[in-house]
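Residue numbers (the working numbering), protein chains in the order written: chain X, 1 to 205; chain B, 206 to 422; chain E, 423 to 676.
Below: the structure, in structure tokens.
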Amino acid sequence: MGYVLDFGAVLRGLDNLMSGLAVGLAMGAAGLIVGSVIGIMAAFAAIFGGKFLQTLVRLYVGFIRNVPILVLALFAFFALPQYGIRFSNTTTFAAVLAIYAGAYLTESFRAAILVIPKGIFEAGRSIGLTGTGIALWITLPIAVRNALPSLGNNFISLFKDTSIAASSTSPPAPCWPSRYASSNVASRNSEAAHGEISHRPRLRV
Amino acid sequence: MEKFLTVLDSASDALTSGFLITAFVSAAAVLCGAILGVVFGLALTYGGRLASLPFRIVVDVVRGTPVLVLILATYYMPSGIGFSPGPITAGLVALTVFCAAHVGETLRGALRAIPSAQTDAASAIGLTFGQTLSYVLMPQAIRQIAPNFVNTAVEIVKASSLLSAIGVGELLLTTQEVIGRSYLTMEFYALCGLLYLLLNLGIGAGGWWLERRFRIQ
Amino acid sequence: MTPILTIKNLTKTFGASAVLRGVDLEVFPRDVISIIGASGSGKTTLLRCIDLLEEFDSGEIRLDGEILGYRDKGGRHRRLPGRELARQRARMGMVFQSYNLFPHLTAAQNIMLGLRKVRGMATAEARAVAEGWLDRVGLADRRDHHPSALSGGQQQRVAIARALAMEPRLVLLDEVTSALDPELVQEVLLTIRGLAEAGTTMLIVTHEMRFARQVSTRVVFMDGGAVREQGPPNEIFGNPKAQRLRDFLANVSH
Numbered sequence: 001m002g003y004v005l006d007f008g009a010v011l012r013g014l015d016n017l018m019s020g021l022a023v024g025l026a027m028g029a030a031g032l033i034v035g036s037v038i039g040i041m042a043a044f045a046a047i048f049g050g051k052f053l054q055t056l057v058r059l060y061v062g063f064i065r066n067v068p069i070l071v072l073a074l075f076a077f078f079a080l081p082q083y084g085i086r087f088s089n090t091t092t093f094a095a096v097l098a099i100y101a102g103a104y105l106t107e108s109f110r111a112a113i114l115v116i117p118k119g120i121f122e123a124g125r126s127i128g129l130t131g132t133g134i135a136l137w138i139t140l141p142i143a144v145r146n147a148l149p150s151l152g153n154n155f156i157s158l159f160k161d162t163s164i165a166a167s168s169t170s171p172p173a174p175c176w177p178s179r180y181a182s183s184n185v186a187s188r189n190s191e192a193a194h195g196e197i198s199h200r201p202r203l204r205v
Numbered sequence: 206m207e208k209f210l211t212v213l214d215s216a217s218d219a220l221t222s223g224f225l226i227t228a229f230v231s232a233a234a235v236l237c238g239a240i241l242g243v244v245f246g247l248a249l250t251y252g253g254r255l256a257s258l259p260f261r262i263v264v265d266v267v268r269g270t271p272v273l274v275l276i277l278a279t280y281y282m283p284s285g286i287g288f289s290p291g292p293i294t295a296g297l298v299a300l301t302v303f304c305a306a307h308v309g310e311t312l313r314g315a316l317r318a319i320p321s322a323q324t325d326a327a328s329a330i331g332l333t334f335g336q337t338l339s340y341v342l343m344p345q346a347i348r349q350i351a352p353n354f355v356n357t358a359v360e361i362v363k364a365s366s367l368l369s370a371i372g373v374g375e376l377l378l379t380t381q382e383v384i385g386r387s388y389l390t391m392e393f394y395a396l397c398g399l400l401y402l403l404l405n406l407g408i409g410a411g412g413w414w415l416e417r418r419f420r421i422q
Numbered sequence: 423m424t425p426i427l428t429i430k431n432l433t434k435t436f437g438a439s440a441v442l443r444g445v446d447l448e449v450f451p452r453d454v455i456s457i458i459g460a461s462g463s464g465k466t467t468l469l470r471c472i473d474l475l476e477e478f479d480s481g482e483i484r485l486d487g488e489i490l491g492y493r494d495k496g497g498r499h500r501r502l503p504g505r506e507l508a509r510q511r512a513r514m515g516m517v518f519q520s521y522n523l524f525p526h527l528t529a530a531q532n533i534m535l536g537l538r539k540v541r542g543m544a545t546a547e548a549r550a551v552a553e554g555w556l557d558r559v560g561l562a563d564r565r566d567h568h569p570s571a572l573s574g575g576q577q578q579r580v581a582i583a584r585a586l587a588m589e590p591r592l593v594l595l596d597e598v599t600s601a602l603d604p605e606l607v608q609e610v611l612l613t614i615r616g617l618a619e620a621g622t623t624m625l626i627v628t629h630e631m632r633f634a635r636q637v638s639t640r641v642v643f644m645d646g647g648a649v650r651e652q653g654p655p656n657e658i659f660g661n662p663k664a665q666r667l668r669d670f671l672a673n674v675s676h
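This is the structure in structure tokens:
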């Protein structure tokens, strides 16, 4: 075995890897926060909205959950600019993650709202709150609390998807560049990072 | 639109091939992952502290790692110990292990949720542990994890799009090649998304049908 | 007459507390023994030890002369391997408080499982036997129903049939009516009475004092993990000697 592990390469590139990690974390956080807002709104729409809104949400969730996030990201990065919709790389990816996360989080919040006993809403009405008031001061806080365990799990798996950002910043081509800015390459293992930096791979297509 | 249809016509073979590779690689990974996942699940549930430890480590590492990193690692890392797997091999291994880790963890949860009273009742009529597992515990556990398994299958199909990163000629890579030649970015990414959507909806429908057939009335 | 079951000096400690402190008991063919006592007196633990669902610390249980659960190996008691335990368990039947029917199988399939996999019967033969037993407990028309479609009393009767179909040497019943709604209790008690009249050897842990008095050939009172008094029902209920038994009977209706 003639392979010598050289973690020195990783240490030398640590600054790069770390700044990549920071970018990944920032995009992830932004995407998840906005995604949560989308999820909450969609959940409310699905439960309290009319037939039209319900169908809309179901289509949104059904579409996003069945299409790979990479396809969505590539669409946002390369197809939309053709029609003039162009933002910075990080903004675009954060937006894609937000829309992607929103579909999953809609389900979490839907379940969280549905477990609230009917009596709670009746109590809200009996003290004179209107629909909006009940939604804001009763349903929302309780739903968020109910959703926390499921949110935790969702956040972890969605955060892993920020690694997709690495693949989507390159132009559509059969080969991939050998240097990745992905945060998760650093957090997962240095061997892979090392493999990229010092061991130029030959792709067999 | 006309240009799209023209290009679509000439690219249809390539896209079909890409779609089929996506379907077959996903199916193989789901099948092998299910079998391996049952092994993982049983080891995690009944292995005792010592025997279940290696499985625990594998499952936790795999579940905590993004699929893309798993795929890249499976493709690039073995060169350190002397062999280079081909892209499809590496992709299959990565997706299989990814599927197995999820199935194993879910199966462990389902088995542990079955009340111990079921095991008592099986023991009381003289069934051995192996028989109890086969005829009493696993039938209940598998019905329990079926919906989750369908979700995992859909995730595998989506993850197969990442195999484009190591050069597997599946649907996404093929789409990108077509776009590279025709510059009809919007149209073909939309078509690509639609094809994934249809494939996954089909899986969901199949799962729903199976669940109805085997449901306990 | 040689006893079917002999229990000598059975002891079991759970952590810091002694659950069974030297239980002695003999069970003869056609005995219907009711075991009564307060919660925590060790009644259920005793049954579970007999059926080898729990391990015990010292003492001996013999079924038709064969030592259950353990063997002497080089002077030390070793727990028998799983296969041996399964074989021994097949010779006893147990009915549980929460029925424990297999939810994914129909009533008939619940009974057939043991017949096919433990006693090696062919499917057709097993089905015939299972249907016969369901008929005996009055549930012939429910044979293709799943437990979720049966009432508690019906589920418990299927559970009784499941235990009996294995033709065990004796049947252990652990508070089999305690989880039932009151109006469903009678059907189960009637079934058990039918078994008693047919000569089935049974050990019944129960809180149904009137039933115990009517059906048993012997009543055993347990307290603090040991047998304090035993005898014919009329003596135990009519003329209790041990103080604890008197206190116990004063607190429950009989």
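All C-beta atoms in this analysis are idealised placements derived from N, C-alpha and C, irrespective of residue type, glycine included.
Here the structure is a predicted model, which means the values were calculated and not measured.
Residue i versus residue j - alpha carbon distance
i	j	result
residue 619 (chain E)	residue 673 (chain E)	30 Å
residue 670 (chain E)	residue 252 (chain B)	46 Å
residue 304 (chain B)	residue 16 (chain X)	32 Å
residue 77 (chain X)	residue 110 (chain X)	31 Å
residue 442 (chain B)	residue 500 (chain E)	Missing from the structure shown is residue 442 (chain B); chain B here goes from 206 to 422 and no further.
residue 514 (chain E)	residue 624 (chain E)	10 Å
residue 298 (chain B)	residue 234 (chain B)	8 Å
residue 36 (chain X)	residue 102 (chain X)	6 Å
residue 539 (chain E)	residue 589 (chain E)	14 Å
residue 215 (chain B)	residue 387 (chain B)	11 Å
residue 602 (chain E)	residue 328 (chain B)	23 Å
residue 47 (chain X)	residue 334 (chain B)	46 Å
residue 503 (chain E)	residue 399 (chain B)	57 Å
residue 264 (chain B)	residue 312 (chain B)	12 Å
residue 326 (chain B)	residue 482 (chain E)	23 Å
residue 359 (chain B)	residue 348 (chain B)	18 Å
residue 125 (chain X)	residue 134 (chain X)	8 Å
Counted within 10 angstroms of its Cβ, other Cβ atoms place residue i as buried (16 or more) or exposed
i	result
residue 555 (chain E)	buried
residue 664 (chain E)	exposed
residue 206 (chain X)	Outside the shown range of chain X, which is 1 to 205, sits residue 206 (chain X), and nothing can be said about it.
residue 118 (chain X)	exposed
residue 577 (chain E)	buried
residue 83 (chain X)	exposed
residue 490 (chain E)	buried
residue 207 (chain B)	exposed
residue 486 (chain E)	exposed
residue 424 (chain E)	exposed
residue 411 (chain B)	exposed
residue 252 (chain X)	This structure cannot speak to residue 252 (chain X), because chain X is shown only from 1 to 205.
residue 477 (chain E)	exposed
residue 569 (chain E)	buried
residue 339 (chain B)	exposed
Beta-carbon neighbours of residue i, restricted to chain B and to distances below 7 Å
i	result
residue 66 (chain X)	359, 401, 402, 405, 406
residue 164 (chain X)	273
residue 63 (chain X)	402
Contacts that residue i makes with chain X (C-beta to C-beta distance below 7 Å)
i	result
residue 366 (chain B)	68, 70, 71
residue 213 (chain B)	Here the premise fails: no neighbours, minimum Cβ distance about 16 Å.
Nearest-angstrom beta carbon gap, residue j and residue i [assumed within contact, 8 Å]
i	j	result
residue 630 (chain E)	residue 599 (chain E)	6 Å
residue 643 (chain E)	residue 658 (chain E)	7 Å
residue 473 (chain E)	residue 594 (chain E)	6 Å
residue 463 (chain E)	residue 596 (chain E)	So it is not a contact: roughly 13 Å between Cβ atoms.
residue 374 (chain B)	residue 222 (chain B)	7 Å
residue 43 (chain X)	residue 106 (chain X)	5 Å
residue 99 (chain X)	residue 64 (chain X)	7 Å
Chain B residues whose Cβ lies nearer than 8 Å to that of residue i
i	result
residue 536 (chain E)	330, 331, 332
residue 161 (chain X)	271
residue 79 (chain X)	390, 391, 394, 395
residue 82 (chain X)	390, 391
Beta-carbon neighbours of residue i, restricted to chain E and to distances below 7 Å
i	result
residue 341 (chain B)	524
9 Å Cβ cut-off: residues of chain E touching residue i
i	result
residue 345 (chain B)	524, 525, 526
Listed by chain order, chain E residues near residue i by CB distance under 8 Å
i	result
residue 348 (chain B)	526
Under 9 Å from the C-beta of residue i: neighbouring residues of chain X
i	result
residue 377 (chain B)	68, 70, 71, 74
Proximity test, Cβ basis, 7 Å: residue i and chain C
i	result
residue 363 (chain B)	In the structure shown, chain C cannot be found, because the protein chains are X, B and E.
- prompt: What are the uninterrupted segments assigned as alpha helix (DSSP H) that are 4 or more residues long and contained completely in the stretch 560-644 of chain E, given in chain order?
  reply: 574-587, 604-619, 631-637
- prompt: Quick one: complete alpha helix (DSSP H) runs, 4+ long, within the stretch 346-391 of chain B?
  reply: 376-387
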